[in-house]
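J.: Once you've had a glance at the structure underneath, I'll fire off some questions.
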Amino acid sequence: MRSSPWRTALIGAPVLALLFVFLVLPYGEMVVMSFRTPANGAPYGDAWTLANYGRAFGDPFYLGVLLRTLGIGALITSLTLLLSYPIAMHLARVSDRWHVFFYACVVSPLLVGVLVRNFGWMIVVSFQGPLNQVLLALGLINQPLRLLFNLPIVVVALVHVFVPFMVLPITNALRNIDPSLYDASASLGAKGYETFWRVTLPLSVPGVLAGVVLVFVLAISAFVTPVLLGGQNIVMMSSIVIQQLIGVFAWPFGAALAMALSIMTIIAVSLLTLIMRPLMRRTARWS
Amino acid sequence: MAHLEIAGLRKSHGAVQVIAGVDLAVASGEFFTLLGPSGCGKTTTLRCIAGFIAPNDGDIRVDGASVLNAPPEKRGFGVVFQNYALFPHLTVAENVGYGLKTRRVPWEEARRRVGEALAMVQLFGLKDRLPRELSGGQQQRVALARAIVIRPRLLLLDEPLANLDAKLRHELRWLIRDVQRAQGTTAIYVTHDHAEAMALSDRIAVMRNGQIAQVGTPREIYQRPLERYVASFTGETNTLEARVVAEAGPGRYRVAVAGSELEATGPAGLTPGTVRHLLARPESLSLAPEGAAGVSVRLDAVVYVGAALRCEVVTACKQRVVLQVPVQRAYTPGETLSLAIDPAQAWLMAPGEAA
Ligand SMILES: Nc1ncnc2c1ncn2[C@@H]1O[C@H](COP(=O)(O)OP(=O)(O)OP(=O)(O)O)[C@@H](O)[C@H]1O
Ligand SMILES: [Mg+2]
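This is how it looks when you write it as structure tokens:
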């Protein structure tokens with residue numbers, strides 16, 4: 002049965018209204034704000050200007066933060082992908098009885114609130130914390146390591162919480178692969194790694210792409226973890242934006258910085274999608 | 010070209026024995042079919058040969074050497090799957106060339122061989138399409154080309170035509186046979202369609218519950234089934250209870266059927282008094298007016314089926330028999346007739362269950 006366009010529109014209406022009020026309007030407001038002059042006692046002045054963007058892309062400090070944020074995002078995304086793919090392969094293979102168990106394990110990082118999770122990390126890796134104690138007791142180190150307030154701990158903590166976002170779409174893609182393709186590949190002389198390279202990996206690309214985009218966007222917009230675990234040393238764009246908005250009340254410039262990050266993200270994601278397009282077209286279920 | 014021997018093959022899934030001792034010998038270049046009802050273990054047998062699963066017991070030898078320790082990628086067999094199993098992200102040419110790539114065949118030669126294989130299945134014009142842009146029949150042609158392009162030692166086909174409509178099934182049936190002949194490949198074909206098995210095979214193995222019930226040429230399987238199960242699985246059958254009265258010559262007997270005596274063929278060495286099932290295929294029977302030689306029967310129903318009349322008759326012992334007779338004469342249900350059986354085609358088989 003085909004539903005009429007009106008019916009479809011009616012079903013979609015609440016979502017569209019919600020998106021309009023909570024996404025399109027604020028975003029529109031932000032775009033407008035980013036082209037305004039600053040003002041005292043008001044969010045922004047009446048005049049239009051490009052100066053905010055000039056500063057966002059021209060000032061080496063802000064440009065540096067922007068590029069570093071994108072770089073850290075790419076690093077986190079890559080590590081999450083490397084870690085998640087084997088997990089997804091395992092999850093796609095296990096029997097239904099064990100599936101729920103492993104599924105719960107994978108999703109577990111999301112079951113803890115963001116503040117609790119980050120304070121947990123702070124306790125675990127602190128100077129006197131359990132991790133250092135264990136390493137000392139094992140004789141692997143002679144004195145406690147300074148593990149907090151640096152890039153590695155931020156990356157580790159973010160990868161930890163982003164793994165489910167990568168694992169689930171990839172698992173889904175892998176489960177959609179007809180198992181007889183593996184038999185076919187083997188019967189045609191392909192060894193395990195060849196089958197992985199020529200069949201498994203290409204056919205999981207839709208899932209990989211979904212996971213990569215999701216994690217990349219989450220990573221570059223992460224705020225709490227870089228601030229709590231990175232401290233003053235790891236400055237990412239979102240904390241600069243917050244600082245401009247709340248600390249200095251420079252709303253137009255903060256909006257421009259946020260827009261700069263959005264634009265770069267859209268460019269990065271578009272580039273990725275463009276590169277993957279030939280493969281995506283081939284792996285699409287319907288033409 | 011290779012010959013295959015299977016000895017004492019067994020495979021269990023948990024407590025269920027799916028293959029319960031299979032012995033087979035397939036000659037080089039032979040087209041050999043495993044025929045049997047759903048769930049009798051045909052696919053499992055084929056998967057053991059292909060190496061996708063390991064048997065619990067027994068041996069599989071190709072050209073005299075056991076292949077059990079070789080993984081599927083080392084066996085060099087071509088496999089055609091029921092659901093085609095084409096790589097959805099590769100074009101027709103890339104699918105067909107897959108096995109050449111893994112064999113590191115030089116590009117120029119690979120291209121030529123892919124072209125030849127596609128020409129053989131009459132698909133050359135579609136070489137740049139993706140599988141999802143093909144019809145089911147075209148997809149199965151690609152699957153066949155992909156399996157033969159590697160010049161496999163054995164060609165294994167698991168119900169390759171099951172997902173196609175009747176017309177395509179006929180067309181592809183001959184294509185498979187032609188390709189197999191042209192290459193001289195030994196083929197193991199799995200099906201539950203007896204007509205397909207008859208038309209294609211040099212020999213057929215009829216399977217039942219994980220065992221081989223009978224192996225023989227299509228003619229042997231059809232005309233000389235060892236038991237009722239095999240007969241009922243290879244076409245329409247009538248079985249009548251028959252008691253051997255006397256031997257009338259080597260392999261020929263006089264038997265009593267429903268109060269009448271007639272002549273039939275059977276295995277050597279049946280002693281008078283033995284009770285057997287008399288197999289009478291519908292086309293080996295004819296009806297004559299009452300009083301002629303044969304078994305006296307009452308006509309129960311008659312249906313016009315175009316080329317012939319399909320009659321159902323009942324013997325004095327309430328055994329029902331179906332046969333086809335020429336349309337010339339008119340028949341009225343209820344009339345008494347005489348059922349004659351061609352002695353050469355009346356075959357005595359061991360009693361047993363039908364399929
Ligand atoms: N992985 C498995 N686990 C448990 N039982 C199985 C498994 N694979 C097959 N079987 C059982 O083994 C029996 C034979 O299966 P098989 O697939 O070989 O049958 P088949 O003759 O190919 O039937 P069909 O004509 O329906 O394809 C069936 O009863 C099936 O339920
Ligand atoms: Mg099967």
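Residue numbers (this note's numbering), protein chains in the order written: chain A, 2 to 288; chain B, 10 to 364. The C-beta atom is built at its ideal place from N, Cα and C for all residues, glycine as well.
To the nearest angstrom, how far is it from the Cα of residue 220 of chain A to the Cα of residue 82 of chain A?
T.: The alpha-carbon atoms of residue 220 of chain A and residue 82 of chain A are separated by roughly 13 Å.
J.: Got a sec: does ligand 1 put a non-hydrogen atom nearer than 8 Å to the Cβ of residue 203 of chain B?
T.: No, ligand 1 has no heavy atom inside 8 Å of this Cβ.
J.: To the nearest whole angstrom, what separates the beta carbons of residue 205 of chain B and residue 182 of chain B, a pair I think is in contact under 8 Å?
T.: Right, their Cβ atoms sit about 6 Å apart.
J.: I need the DSSP call for residue 187 of chain B, collapsed to helix, strand or coil.
T.: Three-state DSSP puts residue 187 of chain B in a helix.
J.: So with Cβ pairs under 9 Å, would you call residue 78 of chain B a contact of chain A?
T.: No, its Cβ sits nowhere closer than 9 Å to a Cβ of chain A.
J.: Between residue 169 of chain B and chain A, is the shortest Cβ-Cβ distance under 9 Å, so that the two count as touching?
T.: No, residue 169 of chain B does not count as interfacial toward chain A.
J.: CB residue 128 of chain A to CB residue 149 of chain A, shorter than 9 Å?
T.: Yes, the pair counts as a contact, with Cβ atoms nearer than the cut-off.
J.: How about residue 159 of chain B: is its C-beta nearer than 9 Å to some C-beta of chain A?
T.: It does: the Cβ of residue 159 of chain B has a partner Cβ on chain A nearer than 9 Å.
J.: Assess, as a yes-or-no matter, whether the stretch 269-285 of chain A is touched by the stretch 108-126 of chain A under the definition of 3 or more beta carbon pairs within less than 8 Å.
T.: The stretch 108-126 of chain A is not in contact with the stretch 269-285 of chain A.
J.: Enumerate in chain order the residues of its own chain whose CB-to-CB distance from residue 342 of chain B is below 7 Å, with the five nearest sequence positions on each side excluded.
T.: Taken in chain order, the residues that qualify are 308, 309, 310 and 311.
J.: By the three-class DSSP mapping on this structure, what secondary structure does residue 179 of chain B have?
T.: The answer is helix: DSSP assigns residue 179 of chain B an H, G or I state.
J.: What are the start and end residues of the alpha helix (DSSP H) that includes residue 125 of chain A?
T.: Where residue 125 of chain A is concerned, the enclosing alpha helix (DSSP H) stretches over 115-126.
J.: Give a yes or no on whether the minimum CB-CB distance between residue 203 of chain A and chain B is below 9 Å.
T.: Closer than 9 Å to some Cβ of chain B, the Cβ of residue 203 of chain A qualifies, so yes.
J.: I want to verify the contact list: residues of chain A whose CB lies under 8 Å from the CB of residue 86 of chain B, in sequence order.
T.: Those are 188, listed as they occur along chain A.
J.: Are the C-beta of residue 200 of chain A and some C-beta of chain D separated by less than 9 Å?
T.: In the structure shown, chain D does not exist; the protein chains are A and B.
J.: Below 8 Å, how does it come out for the stretch 117-129 of chain B and the stretch 148-162 of chain B: are there three or more Cβ pairs, yes or no?
T.: In short, these stretches touch, since the Cβ pair count reaches three.
J.: Quick one: which chain B residues come within Cβ less than 9 Å of residue 1 of chain A?
T.: In the structure as shown, chain A starts at 2 and stops at 288, and residue 1 of chain A therefore has no counterpart that could be examined.
J.: Helix, strand or coil for residue 192 of chain B? Go by DSSP, reduced to three states.
T.: Residue 192 of chain B falls in the helix class under three-state DSSP.
J.: Distance, Cα to Cα, residue 31 of chain B vs residue 219 of chain B?
T.: In a straight line, the C-alpha of residue 31 of chain B is about 7 Å away from that of residue 219 of chain B.
J.: Flag this pair as yes or no: are the beta carbons of residue 328 of chain B and residue 267 of chain B separated by less than 9 Å?
T.: Cβ atoms of residue 328 of chain B and residue 267 of chain B: closer than 9 Å.
J.: I'd like the list of long-range same chain contacts for residue 185 of chain A, defined as Cβ closer than 7 Å, with 5 residues on each side in sequence excluded.
T.: Within the same chain, residue 185 of chain A has no close Cβ partners at all.
J.: Can you tell me whether residue 287 of chain A is buried or exposed? The criterion is at least 16 other CB atoms within 10 Å of its CB, across all chains shown.
T.: Residue confidence for residue 287 of chain A is low, a pLDDT of 42 falling below 50, so the modelled location carries little weight; the figure read from the coordinates is stated next. Exposed is the call here.
J.: Please tell me whether, using a cut-off of 8 Å, the distance from the CB of residue 216 of chain B to the nearest non-hydrogen atom of ligand 1 is below it.
T.: Yes, Cβ of residue 216 of chain B sits closer than 8 Å to a heavy atom of ligand 1.
J.: Helix, strand or coil for residue 21 of chain B per DSSP?
T.: Strand.
J.: Short of 7 Å in beta carbon distance, which residues of its chain neighbour residue 227 of chain A, apart from the five on each side in sequence? Order them along the chain.
T.: The answer, listed in chain order, is 155, 235, 237 and 240.
J.: Taking 9 Å as the CB-CB cut-off, is residue 110 of chain B touching chain A?
T.: So, interface residue.
J.: Check whether the Cβ atoms of residue 32 of chain A and residue 256 of chain A lie closer than 9 Å to each other.
T.: Yes, the Cβ-Cβ distance between residue 32 of chain A and residue 256 of chain A is below 9 Å.
J.: What's the call for residue 121 of chain B, buried or exposed, on a 16-neighbour Cβ count within 10 Å?
T.: Burial call: exposed.
J.: To the nearest angstrom, how far is it from the Cα of residue 82 of chain B to the Cα of residue 72 of chain B?
T.: Their Cα atoms are separated by approximately 18 Å.
J.: Can you find a CB in chain B that lies within less than 9 Å of the CB of residue 184 of chain A?
T.: So, interface residue.
J.: Measure the Cβ-Cβ separation of residue 263 of chain B and residue 277 of chain B and say whether it is below 9 Å.
T.: Going by C-beta atoms, residue 263 of chain B is not nearer than 9 Å to residue 277 of chain B.
J.: Cβ-heavy atom distance between residue 66 of chain B and ligand 1 below 8 Å?
T.: Not under cutoff, so the answer is no.
J.: List the residues that DSSP assigns as beta-bridge partners of residue 358 of chain B.
T.: For residue 358 of chain B, which the question treats as bridged, DSSP gives the partners B/286.
J.: Look at the Cβ atom of residue 88 of chain A, then the Cβ atom of residue 152 of chain A, and state whether they are nearer than 9 Å.
T.: No, Cβ-Cβ distance for residue 88 of chain A and residue 152 of chain A is not below 9 Å.
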